[in-house]
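Take the sequence shown: its letters are residues 50 to 331, numbered as in our numbering.
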Amino acid sequence: MEIVHKKLFLVIWVFSLLFNISFVSAQAFKNPPEGAAALSQAGAFIAQSDDPSAISHNPAGLTQIEGQQFIIGSAFLYPTTECKTTTYNGDTKETLAYLPYLFYSTDLGKNSPLRLGLGITFPYGQSTEWSKTAVINWGYLVPYYSSMQTMNISPAMAWKITPSFSVGVGLNIYQSTLDMKYLFPPGVSAKIDVDGTTTGWTAGLLYKQEKYSIGLRYKSDFKIKYDGDFEMTGTELPADMEINFPDNIGIGFAIFPNERFKIELDGEWFGYSSIKRIPVSI
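Dropping the structure here:
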């Protein structure tokens, strides 16, 4: 159910990309949380963050990790979206999507209060493909194929200021591609391929006692300027656009009744009002 919900918002986002429609949603085109521990807890990991995926969820949590640790994995998604109108009933083409991630962390000696880490994730974007019949029934108003892929390379550092209180920061280096394919009357194919790179940052705080912990994380907004090509019937033109990705604040409170049991409550806010419209210049 969660996958279908996220996929539906990706379709809405692509529609807004073409026709300047504003929208606000809880997750929009953001992907599920990275790491098996966070994903299995529906993302309630900000106050725990005790493995290398803390780089993404709360970098201050890196101070809990001794020695060197390495995580590599992937979330596998099988998303579908169904559309029913008076003229067309159908689903998107079914494809298996995967979202790989990699995290590494290390201390700087047994008694060092500092920790370093590196994360590689894909926090935004998937793909949607409708049949060409669907696009024709919708009056050629949407692309029949759209794909976003946004990779984040994030070096991070954490410092244990006191035995209970830690801070962490990370640099986010984003590289993103957008691919869209269209049909124009009377069935002429066209496509847009663009890409862009930018940076952002993450900061986190962690206060931890034996039976409870409190975590706070902030991820900055970032703007990607995309450049590429628009192609139709052998003609190629330059194309560009900008997307203002939202900032994000997360807070978590966890209780540890014993070593094997945790209760955590997290809340997150996304600034999706930053995305008013996304015009494409050709």
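C-beta atoms are modelled at their ideal positions from N, C-alpha and C, and glycine is treated no differently.
- If you check the CB distance, Tyr147 and Ser176 do not come in under 8 Å.
- From the listed residues Trp250, Pro162, Ala87, Thr251, the smallest Cα separation to Gly116 is found for Pro162.
- Per DSSP, Ala252 is one residue of the beta strand (DSSP E) stretching across 237–257.
- Burial state of Gln113 is buried, judged by a 10 Å Cβ sphere holding 16 or more other Cβ atoms.
- Counting the other Cβ atoms within 10 Å of the Cβ of Gly316 gives fewer than 16, which makes it exposed.
- Within its own chain, the residues whose Cβ lies closer than 8 Å to the Cβ of Lys272, once the five positions on either side in sequence are excluded, are Thr247, Glu291, Ile292, Asn293, Phe294, listed in chain order.
- Per DSSP, the continuous alpha helix (DSSP H) segment holding Lys181 begins and ends at 181–186.
- Rounded to the nearest angstrom, the gap between the Cα atoms of Leu255 and Trp318 is 18 Å.
- In this structure, the straight-line span from the alpha carbon of Ala288 to that of Leu157 is close to 47 Å.
- If only uninterrupted alpha helix (DSSP H) runs of at least 4 residues are considered, those enclosed by the region 95–147 are 103–106.
- The DSSP-derived three-state label of Ala87 is helix.
- In its chain, beyond the 5 residues on either side, Phe279, Leu286, Ala288 have a beta carbon closer than 7 Å to the beta carbon of Ile331.
- At a cut-off of 3 residues, the continuous stretches assigned as beta strand (DSSP E) that sit fully inside the region 265–308 are 271–281, 284–294, 297–307.
- Here Ile298 is exposed, its C-beta having fewer than 16 other C-beta atoms within 10 Å.
- For the set Met197, Asn307, Pro204, the Cα lying nearest the Cα of Lys79 is the one of Met197.
- About 7 Å separates the CB atoms of Phe305 and Tyr261; that is less than 8 Å, so the two are in contact.
- Apart from sequence neighbours up to five positions away, the residues of its chain that approach Ala103 with a beta-carbon distance below 7 Å are Gly110, Leu111, ordered along the chain.
- Between Trp250 and Gly236, the alpha-carbon positions lie close to 44 Å from each other.
- For Asn221, the enclosing beta strand (DSSP E) starts and ends at 214–233.
- In the DSSP assignment, the residues bridged to Ala205 are Gly166, Gly219.
- Scanning Met229, Gly253, Ala252, Gln258 for the CA closest to the CA of Asp244 turns up Met229.
- The alpha-carbon separation between Gln224 and Thr199 amounts to approximately 6 Å.
- Lys159: not part of any beta strand (DSSP E); DSSP gives it neither H nor E.
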